[in-house]
Amino acid sequence: MKLILLGAPGAGKGTQAAVISERYHIPQISTGNIIRAALKSGTEMGLKAKSFIDAGQLVPDEVVIGIIRERLAEDDCKDGFILDGFPRTIPQAEALDEMDIEIDKVIDIEVADDVIVNRLSGRRVCEKCGRPYHTESLKPKVEGVCDDCAGALIQRKDDHPDTVKSRLDIYHKETEPLKDYYEKQGKLYVVEGASSVEETTRLTFEALEA
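Throughout the sequence shown, residue numbering follows my numbering, covering 493 to 702 in sequence.
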């Protein structure tokens, strides 16, 4: 089963990808993770990516696509995979099509922007041990203090409401057009993100088995 997961930042793609990976015994391929792995292993594409990262620049499409191509050629992808975070744009989707890889289904997890802003902006993390918290759903025993090590709880810059809204704007502009792209191919399945992870998982598997 060759899958793509779509969804805005904070929609829960990574969580669902991990569950799907475990059930179907296929690798979850996250763009960020494989770029880090390519950097570490020093592949040709990894070295190209490093030159851009070291210069403080975004890794260009042709390098990201090259890294994806290398990863999908590995043995553990023979029986399928889950792409989480790729493609992000129409040109990336077209490049994937040109690899002669037949994607079976594209699962789009839909969550309203205001829910995502609330979900992400409520996240806190211990600056000492990294334990995660949430101002609504995962509160510490003492406000602002880690239960484990008494470290201060901080809000990451990425989780600030203005940053979240900016990331959502980029998603709607650059990635959301992929829904039409894959719908025209008859591969798009929309899952309405539920309030609980378990319910979203149930709906995701319903879509996969449809």
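A virtual CB, placed ideally from N, CA and C, is assigned to each residue, including glycine.
Is there contact between the stretch 503-515 and the stretch 685-693, where contact requires at least three CB pairs shorter than 8 Å?
-> Touching, per the Cβ criterion.
Limits of the unbroken alpha helix (DSSP H) element including Lys532 | First-last of the alpha helix (DSSP H) with Lys532: 523-533.
Please report how far the alpha carbon of Ile646 lies from the alpha carbon of Pro653, in whole angstroms.
-> A straight-line Cα-Cα distance of about 14 Å links Ile646 and Pro653.
Per DSSP, the bridge partner or partners of Leu498 | Asp600
Are Arg623 and Asp640 closer than 8 Å when you measure CB to CB?
-> Yes; because the gap between Cβ atoms is below 8 Å, this pair is in contact.
Check whether the stretch 628-644 touches the stretch 579-597, taking contact to mean three or more Cβ pairs, one atom from each stretch, closer than 8 Å.
-> no
Kindly indicate which three-state DSSP category His664 falls into: helix, strand or coil?
-> Here His664 carries a helix assignment [DSSP, helix/strand/coil].
Excluding five sequence neighbours on each side, which residues of the same chain lie with their C-beta closer than 7 Å to the C-beta of Leu680?
-> Excluding residues up to 5 positions away in sequence, Val598, Asp600, Lys671, Tyr674 lie with their Cβ nearer than 7 Å to the Cβ of Leu680 in the same chain.
Assuming Ala541 contacts Ile527 under a Cβ cut-off of 8 Å, what Cβ separation, rounded to an integer in Å, is found between them?
-> 6 Å
Does the beta-carbon of Ala689 have 16 or more other beta-carbons within 10 angstroms, so that it is buried, or is it exposed?
-> Reading off the sequence, residue 689 comes out as Val, not Ala. Exposed: under 16 other Cβ atoms inside 10 Å.
With burial defined as no fewer than 16 other Cβ atoms inside 10 Å of the residue's Cβ, what is the status of Met537: buried or exposed?
-> buried
Nearest to Tyr516 by CA position, among Ile496, Ala547, Phe573, is which residue?
-> Phe573
Endpoints, beta strand (DSSP E) assigned at Arg615 = 615-618
Which residues in the same chain have their Cβ closer than 8 Å to the Cβ of Thr696, if we skip the five residues on either side of it in sequence?
-> Gln508, Val511, Ile512, Ile599, Ile601, Val683
Would you tell me roughly how many angstroms separate the C-alpha atoms of Cys569 and Ser543, rounded to the nearest one?
-> Taking the straight line joining both Cα atoms gives about 28 Å.
Sequence-distant residues of the same chain with beta carbon closer than 7 Å to Asp605, five excluded per side = Leu660
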